[in-house]
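Just below is one structure, and these are the notes that go with it.
Residue numbers (the working numbering): 0 to 177.
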């Protein structure tokens, strides 16, 4: 049941997350006393809710793909439960990094939830994706494209570091391709 919920939450519409967080943080919401609506903190909360199921689900899949073989081998060699967990996590590392990369891609491209809870306030909660929407609405397509290219370059650099780390692990023989 938990696995089904995690995979269902992986596909939650970002706007729905934004509405739920908005209601929770609004003046009369459950967490309204924190006065976080239209702040960067509210945006972080929404994005965390958005990406946590992605990282969790892809990590679970990576671990499940390796678990039985390593469990049986480690058990026959007398490994402790902690040693087993550590070994499985090491072997599932590339899948875990894929989950992080996928979650990062989802977060960096998010517009709906962050605009709802952040408000797109200039110099406070305006992020690159909401700035692209604003510039497009103003008809400044050249500015929107320039911001989009910068966003793409940031994503490229982030993913380059992830791939470089994965390749280093492969070259050192610490992570065997499957």
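Glycine residues also receive a C-beta, built at the ideal position from the N, C-alpha and C atoms. Just so you know, these numbers come straight off a predicted model, no measurement behind them.
Out of 67, 170, 156, 117, state which residue places its alpha-carbon closest to the alpha-carbon of residue 42. Answer by Cα proximity: 117.
Using the Cα positions of residue 177 and residue 123, report the straight-line distance between them to the nearest angstrom. Since pLDDT at residue 177 reaches only 47, below the 50 mark, its modelled position is unreliable, and the value read off the structure follows with that caveat. Distance from the CA atom of residue 177 to the CA atom of residue 123, rounded to whole angstroms, is 45 angstroms.
Assigned exposure category for residue 153 - 16 Cβ within 10 Å defines buried: The residue in question, residue 153, is exposed, as its Cβ has fewer than 16 Cβ neighbours within 10 Å.
Inter-stretch contact (C-beta, 8 angstroms, three-pair minimum) for the stretch 22-32 and the stretch 52-70: Too few Cβ pairs lie closer than 8 angstroms, so no.
For residue 63 and residue 138, the rounded distance between their alpha carbons: Roughly 49 angstroms between the two C-alpha positions.
Given residue 142, which residues of its chain have a CB within under 8 angstroms of its CB, disregarding the five upstream and five downstream residues? For residue 142, where only same-chain residues beyond five positions count, the Cβ hits under 8 angstroms are 134.
Specify the secondary structure class of residue 167 as computed by DSSP and reduced to three states. Residue 167: helix per DSSP, three-state reduction.
For the stretch 62-119, which segments carrying the beta strand (DSSP E) assignment without a break, of at least 3 residues, lie completely within its bounds, in sequence order? Given a length threshold of 3 residues, the stretch 62-119 has no whole run of the beta strand (DSSP E) inside it.
Going by alpha carbons, who is nearest to residue 103 out of 75, 164, 155, 4? It is 155.
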